[in-house]
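**Student:**
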Amino acid sequence: MNSVDQAENAAEFISDRTHEQYLDQLLWMLRTRRDEAASRVPEWEQLRDLASQIKEHTLSNLAHYLEMFESRAKANGVMVHWAQDAHEHNQIVYQLLSDRNVDELIKSKSMLTEECDTRRFLEERGIRVTETDLGERIQQLDDQPPSHIVGPAWHKTAQDIANVFAKAYGSDKEKADPVYLAHVMRENTRPLIERARAGMTGANFAVAETGAIVTVTNEGNADLSGNVPEIRICSVGLEKIIPRNEDLAVFIRLLTRSATGNAITQYTSHFRGPRQNGEMHIILVDNGRSSRLGMEKFWPSLKCIRCAACMNTCPVYRRSGGLSYGSTYMGPIGIIMMPTFDIRRYSELPFSSTLNGSCTNVCPVKINIHEQIYAWREVMEEKHQINLVKKSAMVVAGKVLSNPTLYRVAGDTMDASLKVLPRFAIYNQLNAWGRHRDIPQPAKETFHDWYKKHRMQATGQEINT
Amino acid sequence: MSFRDTILRNVRNNQPSSRELPVIPKFHSEQPVDLKKQFTAALKELYGEVVTEPPADFEEFLRKRFPEAKTICSAVPEYVGDRVPGDFTRWSDASRIDVTIVRSPLGVAETGSVLLSEEEFRVNTIGFLAHDIVILLDPAEIVENLHDAYGHPHFLDKAYSLLMSGPSGSADIGGITVHPAQGVMTLTVIFWPRQMAP
Numbered sequence: 009m010n011s012v013d014q015a016e017n018a019a020e021f022i023s024d025r026t027h028e029q030y031l032d033q034l035l036w037m038l039r040t041r042r043d044e045a046a047s048r049v050p051e052w053e054q055l056r057d058l059a060s061q062i063k064e065h066t067l068s069n070l071a072h073y074l075e076m077f078e079s080r081a082k083a084n085g086v087m088v089h090w091a092q093d094a095h096e097h098n099q100i101v102y103q104l105l106s107d108r109n110v111d112e113l114i115k116s117k118s119m120l121t122e123e124c125d126t127r128r129f130l131e132e133r134g135i136r137v138t139e140t141d142l143g144e145r146i147q148q149l150d151d152q153p154p155s156h157i158v159g160p161a162w163h164k165t166a167q168d169i170a171n172v173f174a175k176a177y178g179s180d181k182e183k184a185d186p187v188y189l190a191h192v193m194r195e196n197t198r199p200l201i202e203r204a205r206a207g208m209t210g211a212n213f214a215v216a217e218t219g220a221i222v223t224v225t226n227e228g229n230a231d232l233s234g235n236v237p238e239i240r241i242c243s244v245g246l247e248k249i250i251p252r253n254e255d256l257a258v259f260i261r262l263l264t265r266s267a268t269g270n271a272i273t274q275y276t277s278h279f280r281g282p283r284q285n286g287e288m289h290i291i292l293v294d295n296g297r298s299s300r301l302g303m304e305k306f307w308p309s310l311k312c313i314r315c316a317a318c319m320n321t322c323p324v325y326r327r328s329g330g331l332s333y334g335s336t337y338m339g340p341i342g343i344i345m346m347p348t349f350d351i352r353r354y355s356e357l358p359f360s361s362t363l364n365g366s367c368t369n370v371c372p373v374k375i376n377i378h379e380q381i382y383a384w385r386e387v388m389e390e391k392h393q394i395n396l397v398k399k400s401a402m403v404v405a406g407k408v409l410s411n412p413t414l415y416r417v418a419g420d421t422m423d424a425s426l427k428v429l430p431r432f433a434i435y436n437q438l439n440a441w442g443r444h445r446d447i448p449q450p451a452k453e454t455f456h457d458w459y460k461k462h463r464m465q466a467t468g469q470e471i472n473t
Numbered sequence: 004m005s006f007r008d009t010i011l012r013n014v015r016n017n018q019p020s021s022r023e024l025p026v027i028p029k030f031h032s033e034q035p036v037d038l039k040k041q042f043t044a045a046l047k048e049l050y051g052e053v054v055t056e057p058p059a060d061f062e063e064f065l066r067k068r069f070p071e072a073k074t075i076c077s078a079v080p081e082y083v084g085d086r087v088p089g090d091f092t093r094w095s096d097a098s099r100i101d102v103t104i105v106r107s108p109l110g111v112a113e114t115g116s117v118l119l120s121e122e123e124f125r126v127n128t129i130g131f132l133a134h135d136i137v138i139l140l141d142p143a144e145i146v147e148n149l150h151d152a153y154g155h156p157h158f159l160d161k162a163y164s165l166l167m168s169g170p171s172g173s174a175d176i177g178g179i180t181v182h183p184a185q186g187v188m189t190l191t192v193i194f195w196p197r198q199m200a201p
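Chains A and B supply the protein sequences, listed in that same order. Residues in the first sequence are numbered consecutively from 9, following our numbering. Residues in the second sequence are numbered consecutively from 4, following our numbering.
Shown next as structure tokens:
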């Protein structure tokens, strides 16, 4: 399979200014709200340190905590299953349902099941799956994957959603009102929830001490999926384990504030055992996580708690939309996670970053995201996963940028050329920057020239060129 | 070798050298905190509402607040409703409830959350499938923050426990929370000391 060309995919999204500006403004609002929420918590930075330390402790003792979680969950009456990869996970879910003659499943949002492509797997085998999270349901009806890990349909305007619902439910497509659309969703989904015999959730955290899985939602759909039907299935990535019940306070305080700026979501739910007269299954899924744990530079990405703060702050993500990454996880965290799944397919993603470090600065568990992005670029170079144009350009850039004289000559030549070259010569195939915007007019005088003229004369210094 | 053993072996082989597990402070404010005030403000952020005193006439209060309500399910001794949770042997039937009344054993000032579990609900779905929910909370049982809250024994011994911090909503369209979503339409907390007659 060809590598994903994020820039090329983004071109389609960017070509429509309405969506580009809408997403940029929405995500920047969330980023601003995150900053305000963090500033109201005096111990914010201490919480980030603690969260990072708890995660690093857990990951460095993961086998111990997995076994502890398993034994506590079993003692609580839960059936625990283990899956090495996506196929095994999907097969376990299918077996659980088909053994009980269940052909309808309600589901709350879970990025792990997106990663495993569980919905498609089950539907191909005759099981109807209904997403109960509004954003996830919109994406399901529009046959698209989530574009954001917190708000799966945030790249869509209310009018886009009105169109999707009009087609799927026959609602009024002229009414692009979020409250009306929320009503449409409720009226069409609640009956399915009420009659479902099986429900499925992911997990934000899995607590080794208690054997509980914890979900965080605004809608309460994990509570519905986990309580209304008698069969509850929870898919849990290995990295979701935390040691103690008290650790939850640290993560819950950070998670929603980082995601949306709210202190908490409406529902923080703890499932320790099956409901009355019910059964509960937990599937612990590896799917490459144990291998990533052994990657010296990249294992800290397993600390991620899926708040998406790194996406909301990323100038590339905000302006290109999540679908352009062609991957389950997108934005800065996706860039460093996806190559661990398929290095060839996601070899170009580490270049979809300005390396400004903002992602690292907002990460609630202190993942060194921008450093890992850079490290992935080095890996791609070592493993010859960079395309020829990009590689040649970087070789030239490396030589020019490491030699001040050469840099200045190149700058002067470029400025002079831009003034005289015809448009077709400037905006050619190799000019990725110029594909979607104009090259800025060259300055009349560079800072270097100005400094040479004014300050060197005054101080008698020489500039080392 | 089973999948389980293979996964655990891989994890064991690959996990980095052990790091310390930190001690977590309680992060109590150095200044005195008005817990009721903070709780009220925090719950309002997520569109929940607080009634600061038990109503003199609870029946009338409910009639005025929920004029359309026909089925009131009470899980508290303070009020006798039309239904009790045990009436809903099929848990999905709780969708017939207009108003659920339940008592929470814990409030969290920092987040405006109330703790609920199968002990309070008895039938868990009465907390989500009802149209509206009214939660009685003794203000003496409000703690300052989530660090205090997670000390509650419910998290260690209940099959299901929930920190509920507002009515079900969604910010999936445009990032701004709107109602309804799949759960209750409104959430009202009444500060109501335990063992106080209605």
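The C-beta atom is built at its ideal place from N, Cα and C for all residues, glycine as well. Predicted model only: the values in this text are computed from it and were never measured.
Could you please give the first and the last residue of the uninterrupted alpha helix (DSSP H) stretch that includes residue 61 (chain B)?
**Tutor:** 61–68 is the extent of the alpha helix (DSSP H) around residue 61 (chain B).
**Student:** Which residue marks the beginning of the beta strand (DSSP E) containing residue 225 (chain A), and which one marks its end?
**Tutor:** Where residue 225 (chain A) is concerned, the enclosing beta strand (DSSP E) stretches over 220–225.
**Student:** Which term fits residue 323 (chain A), buried or exposed, when burial requires 16 or more other beta carbons within 10 angstroms of its beta carbon?
**Tutor:** Classification of residue 323 (chain A): exposed, given that the 10 Å Cβ count is below 16.
**Student:** Can you tell me which of the three DSSP states residue 213 (chain A) falls into?
**Tutor:** Strand at residue 213 (chain A).
**Student:** When burial is assigned at 16 or more other CB atoms within 10 Å of the CB, is residue 274 (chain A) buried or exposed?
**Tutor:** Counting Cβ neighbours within 10 Å, residue 274 (chain A) comes out buried, since at least 16 surround it.
**Student:** Three or more C-beta pairs under 8 Å: does that hold for the stretch 312–329 of chain A against the stretch 140–149 of chain A?
**Tutor:** Too few Cβ pairs lie closer than 8 Å, so no.
**Student:** Just to confirm the assignment, what range does the beta strand (DSSP E) spanning residue 115 (chain A) have?
**Tutor:** Its beta strand (DSSP E) spans residues 112–115.
**Student:** What are the start and end residues of the beta strand (DSSP E) that includes residue 474 (chain A)?
**Tutor:** The requested residue 474 (chain A) is not part of the displayed model; chain A covers only 9 to 473.
**Student:** With 9 Å set as the bound, which would you pick, yes or no: does the beta-carbon of residue 163 (chain A) sit closer than that to a beta-carbon of chain D?
**Tutor:** This model lacks chain D altogether; the protein chains it does include are A and B.
**Student:** DSSP three-state label for residue 116 (chain B), please.
**Tutor:** Three-state DSSP puts residue 116 (chain B) in a strand.
**Student:** Kindly confirm or deny that the stretch 41–53 of chain A and the stretch 196–210 of chain A touch, where touching means at least three C-beta pairs closer than 8 Å.
**Tutor:** No: fewer than three Cβ pairs fall under 8 Å.
**Student:** What residues in the stretch 167–183 of chain B bring their beta carbon closer than 9 Å to a beta carbon of chain A?
**Tutor:** Residues 167, 168, 169, 170, 171, 172, 173, 174, 175, 176, 177, 178, 179, 180, 181, 182 and 183.
**Student:** If you measure from the beta carbon of residue 161 (chain B) to each beta carbon in chain A, is any gap under 9 Å?
**Tutor:** Chain A contact via Cβ: present.
**Student:** Taking 8 Å as the limit between beta carbons, can you name the residues of its chain near residue 307 (chain A), skipping five residues before and five after?
**Tutor:** Closer than 8 Å at Cβ, skipping near neighbours: 67, 300 and 301.
**Student:** State the beta-bridge partners of residue 129 (chain B) as determined by DSSP.
**Tutor:** Answer by DSSP bridge pairing: none, since residue 129 (chain B) is not bridged.
**Student:** So which of A:453, A:161 and A:280 has the shortest CA-CA distance to residue 156 (chain B)?
**Tutor:** The shortest C-alpha separation from residue 156 (chain B) is found at A:280.
**Student:** Taking Cβ-Cβ distances shorter than 9 Å, what residues in chain A pair up with residue 6 (chain B)?
**Tutor:** Simply 89, 90, 91, 92, 96 and 294.
**Student:** So, are the CB atoms of residue 140 (chain A) and residue 185 (chain B) less than 9 Å apart?
**Tutor:** Cβ atoms of residue 140 (chain A) and residue 185 (chain B): closer than 9 Å.
**Student:** Taking 9 Å as the cut-off, decide whether the C-beta atoms of residue 253 (chain A) and residue 215 (chain A) are in contact.
**Tutor:** A contact, by the Cβ cut-off of 9 Å.
**Student:** What does the Cβ neighbour count give for residue 172 (chain A), buried or exposed, with the cut at 16 atoms within 10 Å?
**Tutor:** When all chains shown are included, residue 172 (chain A) counts as buried.
**Student:** Within a Cβ cutoff of 6 Å, which residues of the same chain sit near residue 222 (chain A), ignoring the five residues on either side of it in sequence?
**Tutor:** So the qualifying residues of the chain are 212, 213 and 278.
**Student:** Taking only three categories from DSSP, how would you classify residue 94 (chain B)?
**Tutor:** Looking at residue 94 (chain B) - three-state DSSP - the assignment turns out to be helix.
**Student:** Thinking residue 190 (chain A) and residue 181 (chain B) are a contact (beta carbons under 8 Å), I'd like their distance in whole angstroms, please.
**Tutor:** With 8 Å as the limit, residue 190 (chain A) and residue 181 (chain B) qualify as a contact, their Cβ atoms being about 5 Å apart.
**Student:** Taking DSSP's pairing of strands, which residues face residue 89 (chain A) in a bridge?
**Tutor:** Per DSSP, A:291.
**Student:** Under 8 Å, with one C-beta from each stretch per pair, do the stretch 323–339 of chain A and the stretch 358–371 of chain A reach the 3-pair mark?
**Tutor:** Contact between the stretch 323–339 of chain A and the stretch 358–371 of chain A is present, because at least three Cβ pairs lie under 8 Å.
**Student:** Going by Cα to Cα distance, which pick from A:153, A:159, A:353 and A:448 is closest to residue 268 (chain A)?
**Tutor:** With distances taken between Cα atoms, residue 268 (chain A) lies closest to A:159.
**Student:** What is the rounded straight-line gap between the Cα of residue 475 (chain A) and the Cα of residue 161 (chain B)?
**Tutor:** The question about residue 475 (chain A) has no answer here: the residues shown for chain A are numbered 9 through 473.
**Student:** Just verifying my parser: in three-state terms, what is the DSSP assignment at residue 473 (chain A)?
**Tutor:** Confidence at residue 473 (chain A) is low in this model, with a pLDDT of 49, below 50, so its placement is unreliable and no value can be given for it.
**Student:** Using three-state DSSP, classify residue 446 (chain A) as helix, strand or coil.
**Tutor:** Residue 446 (chain A): coil per DSSP, three-state reduction.
**Student:** Using the C-alpha atoms, what's the distance from residue 429 (chain A) back to residue 474 (chain A)?
**Tutor:** Absent from the structure is residue 474 (chain A), since the part of chain A shown begins at 9 and ends at 473.
**Student:** Pairs of beta-carbons, one from the stretch 66–76 of chain B and one from the stretch 97–107 of chain B, closer than 8 Å: are there three or more?
**Tutor:** Yes: the two stretches touch, three or more of their Cβ pairs being nearer than 8 Å.
**Student:** So which residues on chain A does residue 68 (chain B) lean against when the C-beta distance must stay under 7 Å?
**Tutor:** Those do not exist, as residue 68 (chain B) stays about 20 Å from chain A at its closest Cβ, beyond 7 Å.
**Student:** So if I threshold CB-CB distances at 9 Å, which residues from the stretch 10–22 of chain B count as touching chain A?
**Tutor:** Hits within the stretch, in order: 10, 11, 12, 13, 14, 15, 16, 17, 18, 19, 20, 21 and 22.
**Student:** Return the chain-ordered list of same chain residues with a C-beta closer than 6 Å to the C-beta of residue 473 (chain A), the five sequence neighbours on each side being excluded.
**Tutor:** At residue 473 (chain A) the pLDDT is 49, less than 50, meaning the model places this residue with poor confidence; the figure from the coordinates comes in the next sentence. So the list reads 412 and 413, once near-sequence residues are dropped.
**Student:** Does the Cβ of residue 121 (chain B) have 16 or more other Cβ atoms within 10 Å, making it buried, or fewer, making it exposed?
**Tutor:** Residue 121 (chain B) is buried by the Cβ-count criterion.
**Student:** Assuming residue 136 (chain A) is part of the beta strand (DSSP E), what are its boundary residues?
**Tutor:** Residues 136–139.
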